[in-house]
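Numbering (the numbering used here), first residue to last: 5 to 187.
Following this line, the structure appears as structure tokens:
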């Protein structure tokens, strides 16, 4: 799989997605000092390990992740490598800017989300009650995510044109979409 990296404010591919702070697939071939220090997360982060072995720390919990493992990092959690470096391997990550996530489980994604407020509360409560941010052997996601990521890499130059048009269409035709796909 090819590496890619999109960063808010630097990548035109993300202009139509203001809630995505970063989206990348990174292959680390050499350990570099001070490349992944522990620091407070400012957003909701999802990481998925494709290859290698990673030792990461969330708050005071140290975890070793292997291929097909995923990890969820909440805003305000201290996250990074206890050694301060990216380990050798390959990882995919997406980081989302959310309006609010509290330890009590209050979750407000923001205006960009069409998830009803009641469901955001339920998701937030589930996140706050589940103190295990690591999903080991997450093969189902790997099975479905890898082909999507490969297609994203192939189609990334189309995203610049298509994403704003698609966003405008969906925003202006919400009732049509609901009629086409009723619950």
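Even glycine gets a Cβ: it sits at the ideal position worked out from N, Cα and C. Bear in mind the structure is a predicted one, so any value in this text is a computation, not a measurement.
When burial is assigned at 16 or more other CB atoms within 10 Å of the CB, is residue i buried or exposed?
i: residue 128; result: buried
i: residue 84; result: buried
i: residue 130; result: exposed
i: residue 161; result: Residue confidence for residue 161 is low, a pLDDT of 49 falling below 50, so the modelled location carries little weight; the figure read from the coordinates is stated next. Exposed, by the Cβ-count rule.
i: residue 133; result: exposed
i: residue 77; result: buried
Excluding the 5 residues flanking residue i on each side, which residues of the same chain have their C-beta closer than 8 Å to its C-beta?
i: residue 119; result: 113, 127
i: residue 91; result: 32, 35, 56, 57, 58, 59, 85
i: residue 37; result: 88, 89
i: residue 43; result: 82, 83, 84
Starting from the C-beta of residue i, find all residues in its chain whose C-beta is less than 6 Å away, skip the five residues before and the five after it, and write them out in chain order.
i: residue 111; result: 105, 124, 127, 128
i: residue 26; result: 11, 99
i: residue 52; result: 74, 96
i: residue 191; result: Residue 191 lies beyond the residue range present for the chain, which begins at 5 and ends at 187; the question has no answer from this structure.
i: residue 138; result: 67, 75
i: residue 109; result: 128, 129, 132
i: residue 141; result: 72
Go to residue i, then tell me how far its beta strand (DSSP E) extends in each direction, as first and last residue.
i: residue 67; result: 65-69
i: residue 61; result: 58-62
i: residue 31; result: 24-32
i: residue 76; result: 74-77
i: residue 8; result: 8-11
Who are the Cβ neighbours of residue i in its own chain at under 7 Å, not counting the five residues just before and after it?
i: residue 23; result: 100, 101, 114, 116
i: residue 70; result: 53, 57
i: residue 40; result: 84, 85, 88, 89, 90
Margin query: Does the structure place the region 6-20 close enough to the region 55-71 that three or more beta carbon pairs sit under 8 Å?
Written below: Under the three-pair Cβ rule at 8 Å, the region 55-71 does not count as touching the region 6-20.
Next item on the list: List in chain order: all unbroken beta strand (DSSP E) runs of 3+ residues lying wholly within the region 85-147.
Entry: With a minimum length of 3 residues, the continuous beta strand (DSSP E) runs that stay inside the region 85-147 are 93-100.
Check: Is the region 50-57 touching the region 91-98 in the sense that three or more CB pairs, one from each, lie closer than 8 Å?
Finding: Yes, since at least three Cβ pairs between the region 91-98 and the region 50-57 fall closer than 8 Å, the two stretches touch.
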